[in-house]
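Asker:
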Ligand SMILES: Nc1ncnc2c1ncn2[C@@H]1O[C@H](COP(=O)(O)OP(=O)(O)O)[C@@H](O)[C@H]1O
Ligand SMILES: [Mg+2]
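Protein chains in written order, with our numbering: chain A, 93 to 404; chain B, 93 to 349.
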């Protein structure tokens, strides 16, 4: 081995690139390793979907398709069980709807404040805090809903049950605020400043610049954040299990107990439904429905952010 | 300056000072800008041209580190006065930026943005404004069949003329331009220069340029800035034929900057 320090820089670079470069064993091996990683994650997802599908089909061998989609009664534990999915869908959408009524105005408001009004210093401090909030385990929110929010709500709203749709709805909304705020803020602050200046120079106020220039320009990202928020609300499990109750029903009254698709699955999994019973298989059918819902939401978000993408 | 044809003043700037934190970027600037003329601001980069022109419509105050003192009178009104509305000022004083910055909207929407936020809503008037403004900005023929298309589909030169149309749409009194052609090709530059000649019949134009031929071609008066001070301000002919100051002569003959 010659003394490398005696070589010139160009000689050392030559030595390195001539000897190995892209023809080396490692360079050839790595793509295969990365491909394997990708394949494993895809296979896992496919496996999950197939299990869902398979068990769902088993469920529908015992319970007619028509009952599942046409009936509005969900009484799987009765001696003459009813498997109409709509009460669970109803409960899910009711809670998600309440959540979005909280999350959209506050999330968007926070995003507008951070992107258009806050000083650089405030933004740099608040943004990471939002991201930390988004990482709190949901069970913590669930207990918070049951032991703190529900009692307060019950003091204000006399007819409110201990388990109700309102309290978990609000708390899921609160939980989603950081996500909507953060994603919408990203979308708004990626609108170039030169465009804002153009509007200010026409005599627009900050509010006019925000509402009539920045928001329209950032619309795709903002809407996508809403859709992802809804998707998250639909899939949320612990909060509704803890604070929402277990009474599937139809209607939009938020003061009574409800049951969401996720909460039903938890109830069955924690209970003692025997393996192979219709109740056991029903969680797969419910899970499949849930999967279709959130998949549709995610596809929608994806579509929106591509379809309405602004290129600056 | 020549006193025999003392036109009414669009601006009267007196003892203007501006700091970016500790950086004293404009020092004791005093300058009278006559109406319906083209005033060019020249000087090497970093000498404060953009900063100066942005104080004329108070765009500098968007930056929290900026501190200003002194006086700028727009048509006899002190623009730094507490009760003077900055939105009003900016509707009277349009601005065209170095890089064209149309909104990510249609050509039509770009032009009507200003009128719309200032309360003009009826379709017929807006249509008229669009046609009139695009014609004045010499871009009507190129755009009349594609008004609903996104403005980003236009070339850079067309975008810049659209930005001029957007600013004409609210019928300003003054148009500020900060190196409006520095991002454009020679042909687009020529079109904008011709446009400026046309516009000065109705508007007062203040233009920053680092292109001395451009200043010589299109302006009536020229101010030479250096390190935050005005070295010389006079009729353009005079500045370019017999400058009074050595620094001016060095700069216009290309010996520095
Ligand atoms: N946003 C800013 N923040 C801090 N300093 C600035 C800012 N803009 C300009 N300056 C400083 O002010 C001086 C004048 O800049 P500018 O007006 O942009 O010059 P010009 O347009 O003549 O090139 C320079 O020293 C520059 O560094
Ligand atoms: Mg500049």
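Even glycine gets a Cβ: it sits at the ideal position worked out from N, Cα and C.
In this text the structure is predicted, and so the values were computed from the model without any measurement.
1. Going by the CB atoms, is the gap between residue 170 of chain B and residue 163 of chain B shorter than 8 Å?
2. Who are the Cβ neighbours of residue 190 of chain A in its own chain at under 7 Å, not counting the five residues just before and after it?
3. Using CA coordinates, which residue listed in A/329, A/108, A/372 is at the minimum distance from residue 230 of chain A?
4. Thinking C-alpha only, which one of B/303, B/225, B/244 is nearest residue 291 of chain B?
5. Just the Cα atoms here: how many angstroms apart are residue 123 of chain B and residue 325 of chain B?
6. Could you run through the segment 140-161 of chain B and flag, in chain order, every residue whose CB is less than 8 Å away from some CB of chain A?
7. Can you give me the start and stop residues for the alpha helix (DSSP H) that residue 351 of chain A sits inside?
8. To which residues does DSSP link residue 252 of chain B through a beta bridge?
9. Given residue 250 of chain B, which residues of its chain have a CB within under 7 Å of its CB, disregarding the five upstream and five downstream residues?
10. For the alpha helix (DSSP H) holding residue 179 of chain B, just list the boundary residues, first then last.
11. Considering only C-alpha positions, which residue in the set A/327, A/318, A/289, A/128 is nearest to residue 305 of chain A?
12. Along the segment 184-206 of chain B, what residues have a CB closer than 8 Å to any CB found in chain A?
13. Residue 228 of chain B and residue 257 of chain B - do their beta-carbons sit closer together than 8 Å?
14. Within the same chain, show all residues whose beta-carbon is closer than 7 Å to that of residue 150 of chain B, passing over the 5 residues directly before and after it, in chain order.
15. Look up residue 155 of chain A in the DSSP assignment and say whether it is helix, strand or coil.
16. For residue 349 of chain B, collect the residues of the same chain with a Cβ closer than 6 Å to its Cβ; drop the 5 residues on either side in sequence, then sort them by chain order.
17. Please list, in chain order, the chain B residues whose beta carbon lies closer than 8 Å to that of residue 366 of chain A.
18. In terms of alpha-carbon separation, which member of A/321, A/393, A/280 lies closest to residue 194 of chain A?
19. Identify the continuous alpha helix (DSSP H) that holds residue 270 of chain B and give its terminal residues.
20. Can you tell me whether residue 254 of chain A is helix, strand or coil according to DSSP?
21. Could you pull the start and end residues of the alpha helix (DSSP H) that residue 335 of chain A belongs to?
22. Can you say whether residue 128 of chain A is buried or exposed, counting buried as having 16 or more other CB atoms within 10 angstroms of its CB?
23. Let me see if you follow: with CB-CB separation under 8 Å, is residue 160 of chain A close to chain B or not?
24. Quick one: give me the first and last residue of the alpha helix (DSSP H) that residue 201 of chain A is part of.
25. By a C-beta neighbour count over all protein chains shown, 10 Å radius and 16 as the cutoff for buried, is residue 252 of chain B buried or exposed?
26. Could you give the residue range of the alpha helix (DSSP H) that holds residue 289 of chain B?
27. Under 7 Å, CB to any heavy atom of ligand 2. Which residues pass, going along the chain?
Answerer: Looking at the atomic coordinates:
1. Result yes, Cβ atoms of residue 163 of chain B and residue 170 of chain B sit closer than 8 Å.
2. Only 257, 258, 261, 262, 265, 346 meet the Cβ criterion.
3. For the set A/329, A/108, A/372, the Cα lying nearest the Cα of residue 230 of chain A is the one of A/329.
4. The residue with the shortest Cα to Cα distance from residue 291 of chain B is B/225.
5. Cα to Cα, residue 123 of chain B sits roughly 8 Å from residue 325 of chain B.
6. Taking 8 Å as the Cβ-Cβ cut-off against chain A, the residues of the segment 140-161 of chain B that qualify are 149, 151, 154, 156.
7. Neither: residue 351 of chain A is in no alpha helix (DSSP H) and is coded neither H nor E.
8. DSSP, once it has assigned bridges, lists no residue as partnering residue 252 of chain B.
9. So the list reads 231, 234, once near-sequence residues are dropped.
10. For residue 179 of chain B, the enclosing alpha helix (DSSP H) has its first and last residue at 178-184.
11. Ranking A/327, A/318, A/289, A/128 by CA distance to the CA of residue 305 of chain A puts A/289 first.
12. Per Cβ criterion, the list reads 186, 187, 189, 191, 193, 194, 195, 196, 197, 205, 206.
13. Their beta carbons are under 8 Å apart, which means residue 257 of chain B touches residue 228 of chain B by this criterion.
14. Once the five neighbours on either side are set aside, the close Cβ partners of residue 150 of chain B are 171, 178, 181.
15. In this structure, residue 155 of chain A counts as coil in the three-state DSSP scheme.
16. Note that residue 349 of chain B scores a pLDDT of 48, beneath 50, so its modelled location is shaky and nothing firm can be said.
17. Chain B residues near residue 366 of chain A: none, gap ~59 Å exceeds 8 Å.
18. Of the listed residues, the one whose Cα sits closest to residue 194 of chain A is A/321.
19. For residue 270 of chain B, no alpha helix (DSSP H) segment is defined; the enclosing uninterrupted segment is the beta strand (DSSP E) at 266-270.
20. Residue 254 of chain A: coil per DSSP, three-state reduction.
21. Residues 330-335.
22. Burial call: exposed.
23. Not one chain B Cβ lies under 8 Å of residue 160 of chain A.
24. Counting along the chain, the unbroken alpha helix (DSSP H) around residue 201 of chain A starts and ends at 178-204.
25. By the 10 Å Cβ count, residue 252 of chain B comes out buried.
26. Looking at the DSSP string, the run of the alpha helix (DSSP H) that includes residue 289 of chain B is 278-291.
27. Summarising the contact set, residues whose Cβ lies nearer than 7 Å to any heavy atom of ligand 2 are, in chain order, B/137, B/141, B/142, B/190, B/270, B/271, B/300.
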